[in-house]
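Inspection log for the structure reproduced underneath, given as structure tokens.
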Amino acid sequence: MIYMSIVKPLSPPDQLTFLECLNNRAKLPLQERQYLENLQKGAEGEKKWETHLRKLTSNVLILYDLTLEINHTYFQIDALCIFENIILAFEIKNYQGDFHINNNQWYSSSGNEIKDPLLQVRRNESLLRQFCKKHHIRLPIEYHLVFVNPEFMIYSLPPRENIILPPQINRYIETLNSTPAQLNRTHDQIAEKLLSLNLQSDVYRSKYNYNYENLRKGIWCGECREFVIRKINTLYCKKCETKETCHSGVLRGISQLKILFPNVKLTTHLVHDWTGKIVSNVTIQRILQQNFEKVSGSKNTFYI
Ligand SMILES: [Zn+2]
């Protein structure tokens, strides 16, 4: 039986979702907005790579976005594939434009020096090897640097086995598909181990000062992020004309509230205020009752 199993699916990084929430409700400083843009580009790149990996037809276990730790050093792996005889890890870059290398320094199309991505890959590869050794994972490891943007071009790059350029991606996937592979319980155990040791960090949260009062209230469009208005029984986006039920819009609003304020106690009054008072208290209460567990506190009722 052939199967490709996604053990840990690709989802937008927590930090990206957090910054998008914050930026849309309180304008971030320029530097932070640029950082957010980089995160968005990175996430787009990972999505592109996920589309390529979906073409795998051999037995493989895939995990996206792992944060691991070895000897108090943290490292992130964009995508990791467990095959019968090898573990392939991928660092994904969504660079666009003409890049060149001069004396081992990388430069972007605008002539700015950028961090050599190969150094990052080398560092990660070494950390992953140490990690696997410590946790008795015995498959050999290869770490690849993948440039996924078709509009990426690099000059004076010495040929290296661990770099995959956009025109090589399809052939690379074909090569993987032509290698027969069987997976067994050991491979499942490796995937389970990686999953159980994956760390979730929210240190980024503490970098930002924000409070509830200063954030813009309302529900934004799931398609274009413009704030929506109420039109009879639905929510309506004037910018892209998307219509949505109050139910799903309010739920998205609640999930953003929880991203920004993880310890918040949901009450009808709070959610009504947070979503810009465009949905009635009665409807909010019904949505809370349907989707959350009711807890009766000493002062008021809240939902978790
Ligand atoms: Zn819209």
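To convert, note that position 165 of the sequence shown is 165 in the UniProt record's numbering; the numbers rise steadily by one, no gaps.
Even glycine gets a Cβ: it sits at the ideal position worked out from N, Cα and C.
Keep in mind it's a predicted model, so treat the numbers as computed, not measured.
- Rounded to whole angstroms, the gap between the alpha carbons of L157 and N24 is 40 Å.
- In the DSSP assignment, the residues bridged to E142 are L88.
- Inter-segment contact for the stretch 239-253 and the stretch 218-225 is present: three or more beta-carbon pairs are separated by less than 8 Å.
- Judged by the Cβ position, K231 fails to qualify as a neighbour of ligand 1 at the 7 Å threshold, every heavy atom of the ligand being at least this far.
- G97: member of the beta strand (DSSP E) spanning G97 to N102, first to last residue.
- Look at K239: its beta carbon is less than 7 Å from one of the heavy atoms in ligand 1.
- Note that the C-beta distance between Y155 and H100 is below 8 Å.
- Across the set Q105, R138, D78 and N38, the C-alpha of N38 shows the shortest separation from the C-alpha of Q96.
- Here C224 is exposed. Its C-beta has fewer than 16 other C-beta atoms within 10 Å.
- Under the Cβ criterion (8 Å, minimum of three pairs), the stretch 144-152 counts as touching the stretch 80-94.
- Sorting L10, S248, Y212 and K239 by C-alpha distance to the C-alpha of T51 places L10 at the top.
- Inter-residue distance for E244 and D202 is about 31 Å (C-alpha atoms, whole angstroms).
- For F18, the three-state secondary structure derived from DSSP is helix.
- Using a Cβ distance threshold of 8 Å, L56 and L66 do not count as a contacting pair.
- Taking 8 Å as the cut-off, the beta carbon of V121 is found no closer than this to the beta carbon of L63.
- L157 carries a coil assignment under DSSP once its states are collapsed to helix, strand and coil.
- Taking the Cα positions, Q189 is about 25 Å away from S178.
- Relative to the non-hydrogen atoms of ligand 1, the Cβ of C224 comes within a distance shorter than 7 Å of at least one.
- The residue from N209, T301 and V264 with its alpha-carbon nearest to that of A26 is N209.
- Judged by their CB atoms, I278 and T268 are not nearer to each other than the 8 Å cut-off.
- Collapsing the DSSP output to three states places E46 in a helix.
- C246 has its Cβ no nearer than 7 Å to any heavy atom of ligand 1.
- I232 is classed as exposed because its beta carbon has fewer than 16 other beta carbons within 10 Å across all chains shown.
- For L88, the closest of A191, E293, L288 and N300 by C-alpha to C-alpha distance is A191.
- The closest heavy atom of ligand 1 lies 7 Å or more from the beta carbon of T234.
- In chain order, E91, K93, W106 and L145 place their CB closer than 8 Å to the CB of P117, counting only its own chain and leaving out the 5 sequence neighbours on each side.
- Within the DSSP bridge table, the entry for S296 names T301 as partners.
- Residue burial annotation: L119 is exposed, with fewer than 16 other C-beta atoms found within 10 angstroms of its C-beta.
- Of the other Cβ atoms in all chains shown, fewer than 16 fall within 10 Å of the Cβ of L195; this residue is therefore exposed.
- Linking L165 to T186 through their CA atoms gives a straight-line distance of about 32 Å.
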